[in-house]
Amino acid sequence: MRQRVVRVALVAAAVALALLVVPLAVAIRVSFFADERGELERTAMAAAVRVGPRFAAGDPVELPPGPDEGRLGIYDGQLRLRVGTGPRTADTVTRRALDDSVVEEHTGGELVAAVPVSQDERVIGVVRASVGAGSVWNRVLLAWAALGGVVLVALGVAVLVARRQARSLSEPLEALSRTSRAIADGDLTARAAGSRVAEIDQVARTHNEMVQRLSELLRHERHFTANASHQLRTPLTGLRLGLETALNDSGADPRAALEEALEQSQYLQDTIDEVLRLAGERAATASRPAGRPVGALLEYAETRWHGPLAQDGRRLDLVIEQAAAALTVPGRTTAQILDILLDNARRHGSGTVTVTLREIGDAPAVDVGDEGRITTDPATLFERGTTTGPGQGIGLSLAADLAESTGARLRLTRRAPTRFTLLLPESRGSD
1 MRQRVVRVAL VAAAVALALL VVPLAVAIRV SFFADERGEL ERTAMAAAVR
51 VGPRFAAGDP VELPPGPDEG RLGIYDGQLR LRVGTGPRTA DTVTRRALDD
101 SVVEEHTGGE LVAAVPVSQD ERVIGVVRAS VGAGSVWNRV LLAWAALGGV
151 VLVALGVAVL VARRQARSLS EPLEALSRTS RAIADGDLTA RAAGSRVAEI
201 DQVARTHNEM VQRLSELLRH ERHFTANASH QLRTPLTGLR LGLETALNDS
251 GADPRAALEE ALEQSQYLQD TIDEVLRLAG ERAATASRPA GRPVGALLEY
301 AETRWHGPLA QDGRRLDLVI EQAAAALTVP GRTTAQILDI LLDNARRHGS
351 GTVTVTLREI GDAPAVDVGD EGRITTDPAT LFERGTTTGP GQGIGLSLAA
401 DLAESTGARL RLTRRAPTRF TLLLPESRGS D
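Under full-length UniProt numbering, the letters of the sequence shown match residues 1 to 431, in that order.
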């Protein structure tokens, strides 16, 4: 690109200089020859003034200095050279001057000016001044050489300016190309730097906005995959165990197992819907999920988690303030958050797990606690990737995102023994 910019600039400069120099060179030539003819005419007239009235009778004439590298002579009425230098017999230019007119002509390699000498309205002689055209051409060529030097200097300056401009134009584009290559290689943190060219800056800003948007979309896709995997793992395991139990128990009524499987399938569908809703709300605001009584949600969570905790030799206690039980909250979202908190208590906590529903002001609050302790910094506890044991550190981050998406707040209210508090907004309707 740099070479193309330099070539374009040089072509433009050369065309501009040609349009200027060619007419100027012609003007120099015309001007030099015109000046020389004018000088010859003035010299001839100065000599004509010195010719006395008795020139025809043979009076001598003292001529002024002639032109440099030229000749000056006076011819009588018979067109013979009387004084000075020049052709011994008059040439055509001198003959034409006998008609009482000044004649200037370029002939025979010379510039000639002939001025008639008159006495009593009668031409008695002719003054002829001439100079070789070569001397004039020498001065013209010197002027053209100086003009050519100016042109070369101008072209040199144009080359330097063109290279600098080419560098200022190409370097931001080359940097943008390197940034694009880095992004294509997987480095989504690469960003195009600004420059002093407004148009390239606009391209860089648009490029950075595009990369930022793509990064956000990819991050949301990764989060969706991780969230879906995290949330579907436990219900899928429960569904599989239930079906395997029913299959192995030949005397059991399959209807109960099918109803439980259908309920688990519906829960899986609700889980997928919640994860999709959370992913969609990154790009656009979605409507708040419909509400369900918070007491019923806690009882349903108890039925789902009593068995898994009992298998680990742990107890699940549910404490409900009746005044808060009828308050409605975002149903599916609250159920997902409770599942995450109970799963977290099962995996990372110890002892009895206690779920408490209480009312704060006019809004419900749910406490999920156990007899373990949190050693992680609370400031980073809800960041994705933070974990106190085996796992990927997705659960609490997802729970906080789900809570925020419905206007709720999830906080660690006690580190030892551990207690998380979910402050829920009251909702209306049912799902």
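Ideal Cβ positions, reconstructed from N, Cα and C, are used throughout, including at glycine. Keep in mind it's a predicted model, so treat the numbers as computed, not measured.
- Under the DSSP assignment, VAL355 falls in the beta strand (DSSP E) whose first and last residues are 353-360.
- For VAL83, the enclosing beta strand (DSSP E) covers residues 81-84.
- Fewer than three beta-carbon pairs drawn from the region 18-30 and the region 169-182 are found closer than 8 Å, and the two stretches are therefore not classed as touching.
- For GLY38, the uninterrupted alpha helix (DSSP H) run begins and ends at 2-49, by DSSP.
- GLY73 is not a Cβ neighbour of THR43, given a cutoff of 8 Å.
- Below 8 Å, too few C-beta pairs join the region 147-161 and the region 77-90 to call them touching: fewer than three.
- In this chain, the alpha helix (DSSP H) harbouring VAL157 covers 133-184.
- When secondary structure is reduced to three states using DSSP, ALA114 falls in the strand class.
- Per the C-alpha coordinates, the member of LEU98, VAL329, GLU110 positioned closest to ASP362 is VAL329.
- In this structure, DSSP gives ILE340 a helical state, which the three-state scheme calls helix.
- Within a 10 Å sphere around the beta-carbon of GLY295 sit 16 or more other beta-carbons, which makes this residue buried.
- According to the DSSP secondary-structure assignment, ALA363 is paired through a beta bridge with ILE360.
- In the same chain as LEU188, and ignoring 5 residues on each side of it, the C-beta atoms closer than 6 Å to its own belong to SER215, in chain order.
- Boundaries of the beta strand (DSSP E) around VAL103: 103-107.
- Less than 8 Å divides the Cβ of VAL197 from the Cβ of PRO172.
- Here the region 352-370 lies against the region 416-426, with 3 or more beta-carbon pairs under 8 Å apart.
- Just measuring C-alpha positions, the residue of LEU342, LEU276, ARG292 sitting nearest PRO308 is LEU342.
- For the options THR92, ASP59, GLN266, SER135, the alpha carbon positioned closest to that of VAL83 is the one of ASP59.
- Rounded to the nearest angstrom, the gap between the Cα atoms of GLY38 and VAL15 is 34 Å.
- Per DSSP, the continuous beta strand (DSSP E) segment holding ARG414 begins and ends at 409-414.
- 8 Å or more divides the Cβ of ALA261 from the Cβ of LEU241.
- Taking 8 Å as the cut-off, the beta carbon of LEU10 is found closer than this to the beta carbon of ALA158.
- Looking from the CA of THR303, the closest CA among ARG213, ALA323, LEU338 belongs to LEU338.
- Between the beta-carbon of GLY132 and that of GLY148 there is about 24 Å, and that puts the pair past the 8 Å contact cut.
- Pairing ALA400 with PRO254, the inter-Cα distance amounts to about 39 Å.
- In this structure, ALA204 sits near ALA193, with a CB-CB distance shorter than 8 Å.
- LEU247 and ARG358 have their C-alpha atoms some 42 Å from each other.
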